[in-house]
Each structure stands twice: as C-alpha cells, then as structure tokens.
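Residue numbers (my numbering), protein chains in the order written: chain U, 75 to 325; chain W, 75 to 325. Scroll down for the structure; my scribbles are underneath it.
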DNA sequence: CACTGCGGTGAACACCGTTAACAGTTAACG
DNA sequence: CGTTAACTGTTAACGGTGTTCACCGCAGTG
C-alpha cells in the first residue's frame with residue numbers, strides 16, 4: 075500500500091524527473107510488459123513473480139522494489155489493460171469521421187468483442203474476475219477501478235450522446251416498476267440527465283453486450299452455435315433498434 | 075486420466091459392490107464435501123489438497139488414492155455442483171403444481187439467480203471459468219461437461235415445451251440473416267424442431283439471463299445499480315414477453 | 001496360510017509469494 | 001570534496017503449494 079511514499083511526495087512536489095526516476099519508470103514498464111507477455115502466453119497462473127523476474131534477468135525479490143506484492147502487480151496490469159482497451163475503442167470510434175453516433179456505437183461494440191476474442195486471457199482478467207467491492211469500506215479506489223470507470227465512460231458517453239441527438243423511445247413505466255424507476259432516476263446525472271426509461275435501455279445495451287461477449291469468450295456458447303459472429307451481429311441489430319438506430323441489414 | 079482402470083472394469087462387469095467399494099465411495103463423497111465446504115468458506119484458492127486432507131484427518135498424498143490430481147478433484151467438484159444446481163432447479167420447477175410452463179420458466183430463472191447470489195464462489199467456478207474446448211480434439215467429454223449439458227437441458231427442454239404449447243412469434247428473417255438462419259436450422263433437432271427464429275429467441279433468453287447473473291455476481295453492476303433485483307425482474311419480464319408469456323406486473 | 005492390493009504414512013522435490021539481511025551504486029547534502 | 005542516505009539488486013530462508021516416491025499395515029482372496 076505504502077511502497078514508496080517518500081518518492082511519491084517528491085515526485086508530486088517537483089515535476090522534475092531525474093535519471094533515476096526515468097530508469098525506474100522504464101523498469102516498471104518493462105516488468106508490466108513481461109507480465110503481459112506471460113499472461114498472453116500462459117494465462118493468469120503463468121504470471122508469477124519468479125517468472126516475470128526471469129523474463130528480464132532479475133531475481134524475484136527485486137520486483138518488490140517496484141510493486142508491493144504480486145497482487146499489486148496484477149492490479150497494475152489490469153489498469154494498464156483497461157487503458158489499452160479504452161484507447162483502442164476510442165481510436166476505433168474516431169477512425170471514421172463520416173460515421174454518425176449510432177455507427178460509432180456499433181463500432182465500439184464490435185471492437186470490444188474483437189478485442190475480447192483476440193485477448194481472451196486479458197478479457198477474463200478484466201471482466202471475469204469478481205470485482206471485490208463497490209465502495210463499501212473506505213471506498214479506496216484502486217487504479218484498476220478508476221481505469222474501469224474510464225472504460226465504461228466511453229460507452230455511457232456515447233449512448234447519452236445518441237439519446238441527446240435523437241431521443242429513443244424510453245422503456246415503459248409498467249415494465250420497470252416503481253423501485254427500479256427510483257433507482258434509475260437517482261443515477262440520472264451519471265447518464266447525462268436521461269429519463270429512467272432511457273437509462274434502462276442504455277443499461278440493457280451494456281448488459282446484453284457484456285453477456286454476449288462473456289459467453290463467447292468463456293466458450294459457453296459452443297454447444298449452440300458454431301460461429302457466434304452472426305448471432306452477435308443479430309443481437310447488436312436488435313439492441314440498436316431499441317435505441318432507435320437504423321441498423322444495417324444482415325449481409 | 076486413467077486413475078483406476080481395473081476397478082472400473084470390475085465395477086462395470088459385476089454390479090456387486092463389496093464393502094470396500096462402498097467405503098471407498100463414502101470416502102470420495104467425504105472428500106468432495108470437505109472440498110465443497112472449503113470452497114464456500116474461502117473461494118477456490120482455499121481448496122488445497124492439504125486443506126482438504128486436513129479437513130478429514132488425512133495426509134495430502136492419501137487423496138491421490140481417490141483423485142488423480144488436484145485438477146481432477148476440482149473437476150469432480152464442478153460436476154457435483156452442476157448436478158446440485160440442476161436438482162435444485164428441477165425441484166423448484168416442480169414445487170408448484172399449479173404453475174404453468176411460463177411461470178416455471180420464470181421460477182427457474184429466478185432460482186438460478188438466487189443460487190448464484192447465494193453461492194458466488196461456486197457460480198464463478200461453473201460459469202466464470204473458460205470452458206477448455208468444445209469438441210475439437212478427441213471430444214473427450216469431461217464429467218463436468220456432461221453435467222453442464224444436463225443443466226442446460228433443463229432450460230432448453232422448458233423453452234421448447236413453452237413453444238410447443240403456444241408458439242411464440244419467431245424473430246424475423248431480416249434480423250437473423252442467412253448465415254445465422256442456417257446455423258440455427260442446423261441445431262433445430264436439439265431444440266425440439268423449433269424454427270430458427272424461435273431457436274434464436276430461446277438462445278436470447280439464455281444469453282441475457284446468463285449475462286445478467288454474471289454481471290451481478292461478478293459485481294460488474296455496482297456502478298449503475300444499488301440493488302440489481304428490480305433490474306433483473308424487469309429484464310425477465312422483457313424476455314418473457316418476447317416468448318409470448320403474460321408476465322406479472324412490477325410490484 | 002501366503003499373497004496381493006488397497007489405503008495410509010512421512011520424506012522429499014520443485015515451485016510459489018514473501019521477508020530479512022546484506023552489498024554495490026548513485027544521488028544529495030553539509 | 002567527503003559523508004550519508006536512498007535506491008537497486010543480491011542470496012538465504014520461511015511457509016505454503018501440488019506431486020512423487022518408498023514404505024508399511026491391514027483387509028480380502030486363492
């Protein structure tokens with residue numbers, strides 16, 4: 075938790091970065107790169123301290139100069155992966171200047187699936203592991219949590235932009251019920267002031283997208299479908315219609 | 075892989091179960107019960123060979139007389155958990171003789187969620203871990219796989235019964251597209267001869283249910299909802315409507 | 001009876017995360 | 001400048017893991 079308090083203070087006070095600091099940052103990056111490589115090659119259990127250390131010709135205890143524990147390393151890795159995924163989706167979203175908001179929504183949805191299928195181990199680490207706690211104890215925000223929020227914000231922001239551009243039909247009150255209505259209303263600010271029925275649809279979009287990708291990556295769909303790609307596309311069209319988007323027809 | 079070949083052959087040949095065999099089966103059950111207990115108390119990492127052995131006053135190597143490896147024990151545990159979950163859902167489904175098929179579908183959906191929330195560690199073990207392979211290599215069906223099929227069959231069977239009783243409106247061809255249409259048609263036999271558009275809806279039912287429960291159990295919904303119960307109920311009503319069921323209104 | 005094999009043991013191997021004690025380099029300060 | 005402190009690395013060691021081996025006692029059987 076307090077691995078290098080003094081260094082952080084100094085770094086916060088003076089923006090100056092000495093040679094030591096630069097080399098240290100480089101080593102940290104090298105460690106995370108090695109951990110990432112091991113994760114890709116052998117999954118999470120392959121990311122051991124000794125394995126990472128061996129990857130850059132160090133001894134295992136040396137890593138404790140950079141990370142407080144094995145768990146800290148994994149957490150840092152998770153945060154990095156979130157950021158990488160977020161950057162990838164943003165780059166994908168802005169890749170086609172002619173794409174409207176709806177098309178952008180489709181693009182990042184497909185992009186998330188592509189990334190998940192291309193990096194199953196990383197995806198499982200980010201989304202398959204149980205998130206420890208929301209904000210119950212001292213609401214200590216892990217770097218991973220913050221990165222996860224930045225990631226989710228990409229979707230939330232885009233959905234709200236879609237709604238503000240052309241409000242889609244909200245889910246009816248009879249469907250939600252009073253309790254859910256109240257909960258959604260409470261979170262309205264987070265969704266750019268959308269009404270509860272619209273927040274519900276935005277949440278549905280995310281829930282279904284997450285579920286689909288999870289099932290496919292975790293191989294939970296093999297029994298029913300040989301190639302889940304077409305199914306994913308159809309589901310995406312269905313969700314898009316609910317958001318008032320004109321979806322491209324099935325090819 | 076071939077832990078006790080001779081014993082299996084003998085057991086297959088003669089149904090007679092000697093006292094030894096009975097005691098052996100009892101010990102196996104005891105081991106799995108201890109493993110289960112440790113899983114509940116401390117999650118998967120708490121299920122160690124030495125810990126299990128300690129639970130019943132044995133040495134760790136003794137367990138190798140009953141399970142070929144730690145992984146085998148976990149696999150057996152997974153299979154048992156699938157069977158337990160399946161039994162629970164069946165019992166729940168048949169608990170109310172007055173319930174029609176649609177109500178039964180709601181009951182097992184809610185039952186699955188309840189079980190998942192009550193046993194998050196077990197749920198993560200069953201559905202959060204990546205299923206190794208569908209049937210690519212020698213399609214060696216693990217006991218866990220078979221148990222998983224029995225579990226899934228409960229849902230498939232009930233959905234098909236619902237459809238045969240009162241066919242719900244199939245998803246339109248334009249939504250599916252030719253490729254998905256062909257894939258679904260191929261799997262029609264598995265779904266009791268339902269048309270592709272109906273199989274698609276049945277699959278959607280399962281996909282959304284899985285995604286919802288996964289997200290909630292893995293804590294991936296905390297940022298948006300304080301209590302996911304109401305959201306789950308609304309989603310269930312929405313899915314039920316797609317299956318032509320008259321859903322109870324939100325309370 | 002002798003014999004076979006099952007169920008158990010403790011010792012040992014290789015690995016893991018982690019800590020402690022120690023040494024060399026490097027930056028900072030009087 | 002020299003002294004000192006911090007930083008970065010080492011090796012040794014502790015307790016933990018899954019796993020294998022050699023051994024041993026006892027039940028069941030020919």
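Using N, Cα and C, we set each Cβ at its ideal position, and we do this for glycine too.
Verify whether the separation of the beta carbon atoms of residue 226/W and residue 152/W is less than 7 Å. no
Beta-carbon within less than 6 Å of residue 222/U's beta-carbon, same chain only, minus the 5 sequence neighbours each way: which residues are those? 156
What do you reckon, are the CB atoms on residue 137/U and residue 127/U nearer than 7 Å? yes
How would you label residue 270/U, buried or exposed, when you count the other beta carbons within 10 angstroms and need 16 or more for buried? Classification for residue 270/U: buried.
Beta-carbon contacts of residue 313/W that lie in its chain and below 6 Å, excluding the five residues immediately before and after: 279, 282
Can you check whether the CB of residue 134/W is closer than 7 Å to the CB of residue 123/W? yes
Should residue 289/W be flagged as near chain U, meaning a C-beta pair shorter than 7 Å? yes
Can you tell me whether residue 239/U is helix, strand or coil according to DSSP? helix
Assuming contact is defined by CB atoms lying nearer than 7 Å, are residue 73/U and residue 112/U in contact in what I supplied? In the structure as shown, chain U begins at 75 and stops at 325. Residue 73/U is therefore absent and cannot be evaluated.
What three-state label does DSSP hand residue 144/W in the structure shown? helix
Should residue 299/W be flagged as near chain U, meaning a C-beta pair shorter than 7 Å? yes
Going by CA-CA distance only, name the one from 114/U, 140/U, 108/U that's closest to residue 125/U. Taking residue 125/U as reference, the option from 114/U, 140/U, 108/U with the minimal CA-CA separation is 108/U.
How long is the line joining the alpha carbons of residue 216/W and residue 259/U, rounded to whole angstroms? 47 Å
Beta-carbon separation of residue 249/U and residue 316/U under 7 Å? no
How would you call residue 80/U, buried or exposed, if buried means at least 16 neighbouring beta carbons within 10 angstroms? Note that residue 80/U scores a pLDDT of 38, beneath 50, so its modelled location is shaky; the value from the coordinates is reported in the next line. Residue 80/U should be labelled exposed.
Which residues mark the beginning and the end of the alpha helix (DSSP H) in which residue 174/U is found? It is not in any alpha helix (DSSP H) - residue 174/U carries neither H nor E in the DSSP assignment.
If contact means a Cβ-Cβ distance below 7 Å, which residues of the region 253-269 of chain U contact chain W? 253, 254, 257, 261
Length of the line joining the Cα atoms of residue 158/U and residue 186/U: Their Cα atoms are separated by approximately 12 Å.
Do residue 293/W and residue 241/U come within 7 Å of each other at the CB atom, strictly closer than that value? no
Consult DSSP for residue 192/W and reduce its assignment to one of helix, strand or coil. helix
Can you give the Cα-Cα distance for residue 77/U and residue 229/U, rounded to whole angstroms? Reliability fails at residue 77/U, whose pLDDT of 37 lies under 50, so the model's placement of it is uncertain and the value that follows must be treated cautiously. Each residue's alpha carbon lies about 34 Å from the other.
Hey, how far is the Cα of residue 89/U from the Cα of residue 301/W? Low local confidence applies: a pLDDT of 48 at residue 89/U is under 50, so the model's placement there is unreliable, with the coordinate-based value given in what follows. One C-alpha to the other measures close to 44 Å.
Which of the three DSSP states, helix, strand or coil, is assigned to residue 297/U? coil
Could you tell me the distance, in whole angstroms, from the CA atom of residue 140/U to the CA atom of residue 110/U? Rounded to the nearest angstrom, the two C-alpha atoms are 16 Å apart.
Residue range of the alpha helix (DSSP H) that residue 199/U falls in? Careful: residue 199/U lies outside any alpha helix (DSSP H) and carries neither H nor E.
Roughly how far, in whole angstroms, is the beta-carbon of residue 172/U from the beta-carbon of residue 251/W, given that I think they are within contact range, below 8 Å? In fact, because the Cβ distance is near 24 Å, the residues do not count as touching under 8 Å.
For residue 94/U, is the classification buried or exposed, using 16 other Cβ atoms within 10 angstroms of its Cβ as the cut-off for buried? Exposed.
Could you compute how far the alpha carbon of residue 176/U sits from the alpha carbon of residue 318/U? In a straight line, the C-alpha of residue 176/U is about 9 Å away from that of residue 318/U.
Chain-order list of residues whose beta-carbon lies under 7 Å from that of residue 237/U (same chain, five-residue window excluded): Around residue 237/U: 268, 272.
Return the chain-ordered list of same chain residues with a C-beta closer than 6 Å to the C-beta of residue 75/U, the five sequence neighbours on each side being excluded. Below a pLDDT of 50, predicted positions are generally treated as unreliable, and residue 75/U, at 37, falls in that range; the measurement from the model is reported next regardless. Result list for residue 75/U: empty, nothing under 6 Å.
If you measure from the beta carbon of residue 282/W to each beta carbon in chain U, is any gap under 7 Å? Contact with chain U is found for residue 282/W, since one of that chain's Cβ atoms lies less than 7 Å from the residue's Cβ.
Residues of chain W with a CB under 8 Å from the CB of residue 226/U: which are they? 297
To the nearest angstrom, report how far apart residue 191/U and residue 92/W are at their CA atoms. Inter-residue distance for residue 191/U and residue 92/W is about 51 Å (C-alpha atoms, whole angstroms).
With a threshold of 16 other CB atoms inside 10 Å of the CB of residue 116/U, please say whether the residue is buried or exposed. exposed
For residue 162/U, tell me which candidate among 307/U, 188/U, 232/U has the shortest Cα-Cα distance. 188/U
Since residue 311/U meets chain W, which of its residues come closer than 8 Å, beta carbon to beta carbon? 249
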